[in-house]
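Report on the following structure.
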């Protein structure tokens, strides 16, 4: 059935099955728009839910006789609902710690500045509050977006994010993995091992780790990159052996 | 009008993050809030996608100081034709996020411009 026909029929009958058919037809549009708003500290699933609800409301409000396509009509409606959601709810939502530690810090700093000044803060104001560089704030905001599992790891044409997903549990594999990790850890010096312990075993933030070790957060950030690189090299070697 | 930055680059999805980061940096320089900065990045991305879907292989982005931060994106060699649903959504999204959207075709050049002001 044509779009206009479908809407005309729904307007006449208010048949719930018809509404569901329309919603089902445009759910991809809701998903597409929700994806465009990721990377702001709110999970995609939440955005998709908001977008889907806006879509349902939009179906009831759409007037097909006005000569506007439904996709054109519904896009600002969904975008508006998502922006309202950001305004009302995003300050209550937190991402998993490991995924985006600095993003969580950005959010709480933004909340703090917002409650103090009443306006949405700039990256520079957040950077000053967190004692990190402006670039770090911008990069963290960018890095939190959704990535495709097929996307190659940086500098690794043949490895993608999907390859990093754990396989289903297997006791023997786990023992082997532990052994490989233990051997890789031996390649680290004492300071590096202490950083791994504080960051990944005790799950401290970079700032907390820096305080404990009496160094700057930037130093921990640099060291962490170096350690991960070292471990990756070591693990890659172990796998090919 | 004071030109802040202008960059020409081959159009492709892999360049989007770089351009978004650059946009975010300039928004910050202009004192835009986080929400406006993110909206601005969405607008830049959508504009580039429109140019890309239109067949442009290269794009030029110009950031200038014009009663706030003004951004103009240009592409050459795009094809005319019926817009896909994805393109329609991009246009509708741009219209939803900025008030002074300007889209024009000047010979073989497609131009999309909009502005953001610190609040």
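Chains as they are written, first to last, in the working numbering: chain A, 1 to 241; chain B, 1001 to 1119. Yeah, the Cβ is synthetic: ideal placement off N, Cα and C, and Gly gets one too. Bear in mind the structure is a predicted one, so any value in this text is a computation, not a measurement.
With distance defined between alpha-carbon atoms, name the residue in the options nearest to residue i.
{"i": "residue 136 of chain A", "options": "A:103, A:44, A:115", "result": "A:103"}
{"i": "residue 1114 of chain B", "options": "B:1062, B:1076, B:1084", "result": "B:1062"}
{"i": "residue 133 of chain A", "options": "B:1040, B:1028, B:1017, B:1015", "result": "B:1028"}
{"i": "residue 7 of chain A", "options": "A:59, A:32, A:17, A:131", "result": "A:59"}
{"i": "residue 76 of chain A", "options": "A:54, A:180, A:210", "result": "A:54"}
{"i": "residue 1041 of chain B", "options": "B:1083, B:1105, B:1097", "result": "B:1097"}
{"i": "residue 1018 of chain B", "options": "B:1105, B:1111, B:1044", "result": "B:1044"}
Alpha carbon to alpha carbon, what distance is there between residue j and residue i?
{"i": "residue 1100 of chain B", "j": "residue 57 of chain A", "result": "27 Å"}
{"i": "residue 1088 of chain B", "j": "residue 63 of chain A", "result": "18 Å"}
{"i": "residue 37 of chain A", "j": "residue 105 of chain A", "result": "20 Å"}
{"i": "residue 4 of chain A", "j": "residue 30 of chain A", "result": "19 Å"}
{"i": "residue 67 of chain A", "j": "residue 73 of chain A", "result": "10 Å"}
{"i": "residue 1054 of chain B", "j": "residue 141 of chain A", "result": "29 Å"}
{"i": "residue 1034 of chain B", "j": "residue 1067 of chain B", "result": "19 Å"}
{"i": "residue 43 of chain A", "j": "residue 1107 of chain B", "result": "42 Å"}
{"i": "residue 128 of chain A", "j": "residue 139 of chain A", "result": "15 Å"}
Does the ligand COA have a heavy atom nearer than 7 Å to the CB of residue i?
{"i": "residue 1014 of chain B", "result": "As far as ligands go, the structure on display features none, and thus does not contain the ligand COA."}
So, for residue i: in the same chain, excluding its five sequence neighbours on each side, which residues have a beta-carbon less than 7 Å away from its beta-carbon?
{"i": "residue 1064 of chain B", "result": "1001, 1002, 1003, 1004, 1070"}
{"i": "residue 221 of chain A", "result": "206"}
{"i": "residue 1126 of chain B", "result": "Outside the displayed range of chain B (1001 to 1119) lies residue 1126 of chain B, so it cannot be described from this structure."}
{"i": "residue 50 of chain A", "result": "81, 82, 85"}
{"i": "residue 231 of chain A", "result": "184"}
Taking Cβ positions, are residue i and residue j nearer each other than 8 Å?
{"i": "residue 1074 of chain B", "j": "residue 1060 of chain B", "result": "yes"}
{"i": "residue 1118 of chain B", "j": "residue 1032 of chain B", "result": "yes"}
{"i": "residue 71 of chain A", "j": "residue 1085 of chain B", "result": "yes"}
Along chain A, which residues have their Cβ under 7 Å away from the Cβ of residue i?
{"i": "residue 1072 of chain B", "result": "In chain order: nothing, as chain A lies at least about 21 Å away."}
{"i": "residue 1028 of chain B", "result": "122, 123, 124, 134, 138"}
{"i": "residue 1059 of chain B", "result": "Near residue 1059 of chain B there are no residues of chain A at all, since even the closest Cβ is about 19 Å away, more than 7 Å."}
{"i": "residue 1025 of chain B", "result": "138"}
What does a CB cutoff of less than 8 Å around residue i pick up in its chain, not counting 5 residues either side in sequence?
{"i": "residue 1011 of chain B", "result": "1048, 1051, 1052, 1056, 1057, 1058, 1059, 1075"}
{"i": "residue 1109 of chain B", "result": "1074, 1075, 1076"}
{"i": "residue 126 of chain A", "result": "106, 109, 110, 113, 137"}
Below 8 Å on C-beta distance, what does residue i contact in chain B?
{"i": "residue 29 of chain A", "result": "1085, 1089"}
{"i": "residue 86 of chain A", "result": "1035"}
{"i": "residue 245 of chain A", "result": "Given that chain A is displayed from residue 1 to residue 241, the structure contains no residue 245 of chain A and the question cannot be resolved."}
{"i": "residue 69 of chain A", "result": "1088"}
Can you list the residues of chain A that residue i reaches, using a CB-CB cut of under 8 Å?
{"i": "residue 1013 of chain B", "result": "By Cβ distance, chain A contributes nothing, its closest Cβ being about 10 Å from residue 1013 of chain B, past 8 Å."}
{"i": "residue 1032 of chain B", "result": "122"}
Can you list, in chain order, the residues of its chain with a C-beta nearer than 6 Å to that of residue i? Leave out the 5 residues immediately preceding and following it.
{"i": "residue 1093 of chain B", "result": "1046"}
{"i": "residue 1072 of chain B", "result": "1062, 1113"}
{"i": "residue 146 of chain A", "result": "Confidence is the limiting factor: at residue 146 of chain A the pLDDT is only 42, short of 50, which leaves the residue's position unreliable and the question unanswerable from this model."}
Starting from residue i, find everything on chain A with Cβ-Cβ shorter than 9 Å and list it in chain order.
{"i": "residue 947 of chain B", "result": "Lying outside 1001 to 1119, the shown extent of chain B, residue 947 of chain B is not represented and no answer is given."}
List, in chain order, every chain B residue whose beta-carbon is nearer than 9 Å to that of residue i.
{"i": "residue 40 of chain A", "result": "1034, 1035, 1038"}
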